[in-house]
Structure formats: structure tokens, C-alpha cells
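**Student:**
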């Protein structure tokens with residue numbers, strides 16, 4: 167069981183306990199203080215459930231990307247489910263059992279778990295569990311379970327299924343709408359491996375920062391031990407982990423993927439940012455070892471990582487982003503080995519896009535111009551115009567997102583201020 171799964175189990179168990187306590191307290195209010203106090207108490211519970219679900223689970227009530235119409239539909243669906251349950255309840259007991267504010271209390275007591283059950287089902291149906299909605303859904307289960315003891319003729323498990331199906335028709339619309347309207351939640355809960363994060367000034371580091379900001383969980387890797395320091399700087403260990411590895415070795419690539427699977431339970435994206443330019447000399451002066459090193463650094467690392475990650479990427483219908491170069495289309499003097507290696511990346515990208523199309527895996531590449539990093543600046547001090555790391559990270563995040571669901575086999579040039 168992955169750590170994320172263990173946390174989800176704890177959240178679900180805690181939610182069940184909370185739900186039982188909530189229902190016991192509510193039932194005491196119903197019998198001791200009348201329906202008005204029960205209605206007030208459970209209305210507060212419903213509001214808190216909406217706050218938690220909206221903040222963490224992408225549910226409509228507080229999701230920034232959800233329209234007012236969708237929020238109203240979600241709340242109306244929960245209240246309608248509660249009203250239906252209250253009506254069924256009233257029909258099974260005496261006419262005096264639920265009257266006036268008592269009926270309102272029953273409706274709200276049943277609307278709260280209806281909405282929360284929908285939150286649970288939506289969370290589990292998304293890419294990985296969001297902990298808060300799982301806990302909220304567990305609370306719903308606890309409410310319904312305890313209701314069996316305190317409410318005459320109330321059957322909790324059939325009600326749970328009905329509640330989930332009713333609210334589930336409305337709530338799942340929210341994450342999709344938030345993607346199209348705001349583009350904020352499209353990476354929530356997804357797991358992305360980013361290679362080439364050995365230096366905080368590299369593009370890979372900026373990509374990891376951008377993905378974390380958009381809600382993803384990230385596995386970063388590099389050949390040096392500083393990658394662990396970078397992981398600690400990027401975020402908490404439940405959001406980002408580091409693996410030191412030589413990705414030109416198949417066993418190391420498989421170890422990176424295994425770490426992602428063991429820690430987060432899935433892989434939704436792979437960014438092969440490892441590579442770079444080391445050999446700057448004419449082809450006539452480039453020896454075989456230099457050709458080999460440039461090829462291993464740029465092509466073989468991408469091939470090994472992609473092959474290792476493909477089984478999990480197929481399960482999630484994920485995406486791969488490789489790093490090519492504009493030099494493939496516009497060769498320059500003294501960059502023969504590098505250009506040939508990046509041409510191999512382009513060929514790898516387009517071949518994989520065709521091979522993996524039927525498995526639902528998209529494969530694209532970015533071809534950035536001169537990226538402003540300390541290493542590049544030192545090597546080319548006379549260069550005045552650069553592409554920023556953040557510009558490249560934005561394009562990579564787009565290619566990983568659902569907004570690029572129709573894009574595969576493409577090489578996207580990111581020229582920034584060097585264009586023209």
C-alpha cells in the first residue's frame with residue numbers, strides 16, 4: 167500500500183468516526199430540543215462539508231472555476247436528496263414524527279451526507295484521492311451508519327448509494343469546467359516525473375515548481391545528490407520526492423518509476439528534461455566518445471525513462487514531454503553531435519506518439535531556444551536575448567494538461583525573445 171493510500175485510509179476512518187459522533191449529537195438534539203436545533207446544527211455541518219469539499223476536492227460550491235449555476239445545481243441536488251429521504255422517512259413513521267421544523271431538520275440531516283457522499287465518489291473517481299473529500303465522504307458513511315440506530319426504519323447503505331448517484335450526476339462537472347474556464351485544477355492530484363533537476367537554475371527545476379503550483383505531485387531526479395536538497399526546497403515530502411539516478415542505465419530508470427509508484431501509486435506524466443549541450447566543435451574534430459556521450463545524455467536517457475514509465479502511463483492515459491532543439495531544423499557550426507542527438511529525440515517523440523496512440527498516451531516535445539541559465543550565460547556571455555525557464559515551463563505544463571488532449575507527436579518551438 168502506498169503512503170498516499172495509507173493516508174486515505176486514515177482519513178476515511180477518521181471521517182467515519184466523526185460522522186457517527188455528528189449523528190449521535192444531532193439525534194440527541196432532535197429528541198431533546200426539537201427539530202429547529204437539529205436543523206441549525208446540521209446546516210452548519212453541511213456548510214463545513216461544502217467548505218472542505220470546495221477547497222480540496224474541486225466540488226462546485228467553492229471551486230473558483232465553477233459557475234454560479236453549477237454551484238446552485240450541486241446544492242439543490244443535495245437538498246433534493248435530503249428532501250426525498252425525509253419524505254420516505256416520514257412515510258414510514260407516524261404523521262407526528264416529522265412535522266414543522268422536525269421535517270426541515272430531517273431534510274438537512276440527510277442532505278449533508280448526500281452531498282458528502284457525492285464528494286467521496288467524485289474524489290475517488292478523479293486522478294488519485296484528495297484526502298479532504300475522502301474524509302468528508304467517510305463522515306457521510308458515519309452519519310448514515312449511525313442513522314440506522316437513531317432513525318426508525320432508516321436503511322443507511324441504500325441511502326448512501328442513492329445519495330452518491332444523485333449528487334454524482336452534478337458534482338463531476340465541476341473539475342472539467344474549472345479546467346476550461348480557469349485552467350487551475352487540471353493538474354490536481356496528478357503525478358509527474360521530471361528529470362534533469364540537478365541544479366536549481368535548470369529548466370527542470372522551474373518545471374517542477376510550475377507543476378507543484380498547479381496541484382501536481384512531482385518526482386524529481388538527477389545524477390547528483392543535490393537533487394534531495396532541491397526536493398526539500400520545492401515542497402513537503404507528500405508532494406515532491408527525489409531520486410538520485412543515472413537515467414542512461416535501465417535499472418536506474420526503472421528505480422525512479424518504482425519510487426513514484428510506491429510513494430504516490432501512479433504516474434500521469436513524464437518530462438524528459440535531462441540532457442544538454444556539452445560538445446561544441448566541428449564534426450571533423452569530434453571523436454567517437456564525444457558522439458556517444460552526447461547521444462547517451464540526450465536520447466538514451468529519454469528512451470530509458472519513457473520505456474520504464476509506459477506501463478503506468480498507459481494505465482493513467484498520461485503524457486510525455488521530451489526536450490528537442492531548434493538546431494534540428496536550423497543546424498549551426500560546431501553543434502553536429504548535439505544536433506544529431508536532438509534529431510534522435512524528435513524521431514523518438516514522433517515514433518512513440520504513433521506507437522502509444524491506441525494506449526491513450528500522448529508524446530510531444532518542446533524545442534526551446536537559448537534558455538537563460540547560469541551555465542548557458544557563462545558559456546555564451548555575448549548573447550543578449552534569451553528564453554526564460556518560466557516560458558518553457560508554461561509550455562510543458564500545457565502539453566501535460568487536458569487542454570492539450572488533442573496534441574500528440576508535435577515538436578513545439580519555444581523561442582521567446584530570440585524569435586526573428
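Residue numbers (this note's numbering): 167 to 586. Even glycine gets a Cβ: it sits at the ideal position worked out from N, Cα and C.
What's the gap between the Cα of residue 551 and the Cα of residue 557?
**Tutor:** As a first step, residue 551 must be located in the chain shown, where it is residue number 385. As a first step, residue 557 must be located in the chain shown, where it is residue number 391. Each residue's alpha carbon lies about 14 angstroms from the other.
**Student:** Does the beta carbon of residue 523 fall short of 7 angstroms from some heavy atom of the ligand ATP?
**Tutor:** Ligands are entirely absent from the displayed structure, and the ligand ATP is therefore not among its contents.
**Student:** Rounded to whole angstroms, what is the Cα-Cα separation between residue 372 and residue 360?
**Tutor:** Locating residue 372 in the chain shown gives position 206, where the first residue counts as 1. Locating residue 360 in the chain shown gives position 194, where the first residue counts as 1. Going by the C-alpha atoms only, they are around 10 angstroms apart.
**Student:** Please decide whether residue 517 counts as near chain C, where near means a Cβ-Cβ distance under 8 angstroms.
**Tutor:** Here chain C cannot be found, since the structure has a single protein chain.
**Student:** Taking the beta carbon of residue 517 as the centre, do at least 16 other beta carbons fall within 10 Å, making it buried, or is it exposed?
**Tutor:** Taking the first residue of the chain shown as 1, we reach residue 517 at position 351. Answer is exposed; the Cβ neighbour count stays below 16.
**Student:** Between 387, 460, 352, 444, which has its C-alpha nearest residue 507's C-alpha?
**Tutor:** The residue labelled residue 507 in the question sits at position 341 within the chain shown. If we check each option's Cα against that of residue 507, 460 comes out closest.
**Student:** Near residue 478, which residues of its chain fall below 8 angstroms by C-beta distance, leaving aside the five closest residues on each side in sequence?
**Tutor:** Sequence index remark: in the chain shown, residue 478 carries index 312 (1-based). 423, 426, 427, 432, 433, 484.
**Student:** Residue ranges of each alpha helix (DSSP H) run of no fewer than 4 residues wholly in the region 400-468, ordered along the chain?
**Tutor:** Listed in chain order, they are 416-430, 454-461.
**Student:** Are the Cβ atoms of residue 378 and residue 400 separated by less than 8 angstroms?
**Tutor:** The residue labelled residue 378 in the question sits at position 212 within the chain shown. The residue labelled residue 400 in the question sits at position 234 within the chain shown. Taking 8 angstroms as the Cβ cut-off, residue 378 and residue 400 qualify as a contacting pair.
**Student:** Counting Cβ pairs closer than 8 angstroms, one from the region 378-387 and one from the region 442-451, do we hit at least three?
**Tutor:** Because the criterion of three Cβ pairs below 8 angstroms is not met, the region 378-387 and the region 442-451 do not touch.
**Student:** Within this structure, are the beta carbons of residue 411 and residue 438 separated by less than 8 angstroms?
**Tutor:** Position 245 of the chain shown, counted from the first residue, corresponds to residue 411. Position 272 of the chain shown, counted from the first residue, corresponds to residue 438. Cβ distance not < 8 angstroms, so residue 411 and residue 438 don't count as in contact.
**Student:** Where residue 348 and residue 355 are concerned, what is the direct C-alpha to C-alpha distance, given to the nearest angstrom?
**Tutor:** By 1-based counting over the chain shown, the position of residue 348 is 182. By 1-based counting over the chain shown, the position of residue 355 is 189. Caution applies to residue 348, whose pLDDT of 38 falls short of 50 and renders its modelled position unreliable; the value that the coordinates give is listed next. Looking at the two C-alpha atoms, the distance is approximately 17 angstroms.
**Student:** Provide the residue(s) that pair with residue 387 in DSSP beta bridges, ordered along the chain.
**Tutor:** Working through the chain shown from its first residue, we reach residue 387 at position 221. DSSP lists 361, 409 as partners of residue 387.
**Student:** In the DSSP assignment, find the unbroken alpha helix (DSSP H) run with residue 523 in it and report its ends.
**Tutor:** In the chain shown, residue 523 corresponds to position 357, counting from 1. That residue, residue 523, is in no alpha helix (DSSP H); it is neither H nor E in DSSP.
**Student:** Under a Cβ-count criterion, where at least 16 other Cβ atoms within 10 Å of its own Cβ denotes burial, should residue 260 be classed as buried or exposed?
**Tutor:** In the chain shown, counting from the first residue as 1, residue 260 sits at position 94. Unreliable positioning characterises residue 260 in this predicted model, as indicated by a pLDDT of 43, which lies under 50. The coordinate reading is nonetheless provided below. With fewer than 16 Cβ atoms within 10 Å of its Cβ, residue 260 is classed as exposed.
**Student:** Using CA atoms only, rank isn't needed, just tell me which of 391, 404, 465, 500 is closest to residue 513.
**Tutor:** As a working mapping, residue 513 is identified with position 347 in the chain shown. Here the closest residue by C-alpha is 465.
**Student:** What separation, rounded to the nearest whole angstrom, lies between the Cα atoms of residue 515 and residue 503?
**Tutor:** Here the question's residue 515 lines up with position 349 in the chain shown. Here the question's residue 503 lines up with position 337 in the chain shown. Approximately 19 angstroms between the Cα atoms of the pair.
**Student:** What residue does the alpha helix (DSSP H) around residue 559 start on, and which one ends it?
**Tutor:** Here residue 559 corresponds to residue number 393 of the chain shown, with the count starting at 1. Where residue 559 is concerned, the enclosing alpha helix (DSSP H) stretches over 555-566.
**Student:** I'd like to check one pair, residue 555 with residue 492: are the Cβ atoms closer than 8 angstroms?
**Tutor:** For the purposes of this step, residue 492 is taken as residue 326 along the chain shown, with counting starting at 1. For the purposes of this step, residue 555 is taken as residue 389 along the chain shown, with counting starting at 1. The answer is no: Cβ separation not under 8 angstroms.
**Student:** When you compare the CB positions of residue 367 and residue 540, do they come within less than 8 angstroms of one another, or not?
**Tutor:** Numbered from its first residue, the chain shown carries residue 367 at position 201. Numbered from its first residue, the chain shown carries residue 540 at position 374. Yes. Within cutoff.
**Student:** Can you tell me where the alpha helix (DSSP H) holding residue 374 begins and where it ends?
**Tutor:** As a first step, residue 374 is located in the chain shown; it is residue number 208 there, counting from the start. 369-379 is the span of the alpha helix (DSSP H), which, as asked, contains residue 374.
**Student:** Helix, strand or coil for residue 578 per DSSP?
**Tutor:** What you label residue 578 is simply residue 412 of the chain shown in a count that begins at 1. Residue 578 falls in the strand class under three-state DSSP.
**Student:** What's the C-alpha gap between residue 408 and residue 393?
**Tutor:** As a first step, residue 408 is located in the chain shown; it is residue number 242 there, counting from the start. As a first step, residue 393 is located in the chain shown; it is residue number 227 there, counting from the start. Each residue's alpha carbon lies about 6 angstroms from the other.
**Student:** Thinking just about the alpha-carbon of each residue, which of 413, 561, 553 is nearest to the one in residue 537?
**Tutor:** Here residue 537 refers to the residue found at position 371 of the chain shown. It is 553.
**Student:** Cβ atoms of residue 561 and residue 531: under 8 angstroms apart, would you say?
**Tutor:** Walking along the chain shown from the start, residue 531 turns up at place 365. Walking along the chain shown from the start, residue 561 turns up at place 395. Not closer than 8 angstroms, so no.
**Student:** Find out if the Cβ-Cβ distance for the pair residue 490, residue 533 is shorter than 8 angstroms.
**Tutor:** Reading the chain shown from its first residue, position 324 is the one you call residue 490. Reading the chain shown from its first residue, position 367 is the one you call residue 533. Yes, Cβ-Cβ distance for residue 490 and residue 533 is below 8 angstroms.
**Student:** Go to residue 533, then tell me how far its beta strand (DSSP E) extends in each direction, as first and last residue.
**Tutor:** Stepping through the chain shown from its first residue, residue 533 is reached at position 367. Its beta strand (DSSP E) spans residues 528-534.
**Student:** Hey, how far is the Cα of residue 328 from the Cα of residue 574?
**Tutor:** Here residue 328 refers to the residue found at position 162 when the chain shown is read from its first residue. Here residue 574 refers to the residue found at position 408 when the chain shown is read from its first residue. Its pLDDT being 49, under 50, residue 328 is placed unreliably in this model, and the value from its coordinates should be taken loosely. The alpha-carbon atoms of residue 328 and residue 574 are separated by roughly 40 angstroms.
**Student:** Exposed or buried, what is residue 563 when buried is set at 16 or more other beta-carbons lying within 10 Å of its beta-carbon?
**Tutor:** Walking along the chain shown from the start, residue 563 turns up at place 397. Its Cβ being crowded by 16 or more others within 10 Å, residue 563 is buried.
**Student:** Looking only at DSSP bridge pairs, what is residue 485 linked to?
**Tutor:** As a working mapping, residue 485 is identified with position 319 in the chain shown. According to DSSP, residue 485 bridges with 435, 528.
**Student:** For my contact list, residue 388 and residue 357 are in at a C-beta cut-off of 8 angstroms; report their separation, rounded to the angstrom.
**Tutor:** For this step, residue 388 is matched to residue 222 along the chain shown. For this step, residue 357 is matched to residue 191 along the chain shown. Not confirmed; about 18 angstroms, so no contact.
**Student:** Taking residue 416 as the reference, which of 396, 496, 474, 501 has the closest Cα?
**Tutor:** Reading the chain shown from its first residue, position 250 is the one you call residue 416. The residue with the shortest Cα to Cα distance from residue 416 is 474.
**Student:** Whole-angstrom Cβ separation of residue 569 and residue 352, contact assumed at under 8 angstroms?
**Tutor:** By one-based count along the chain shown, residue 569 stands at place 403. By one-based count along the chain shown, residue 352 stands at place 186. 7 angstroms between Cβ atoms; contact.
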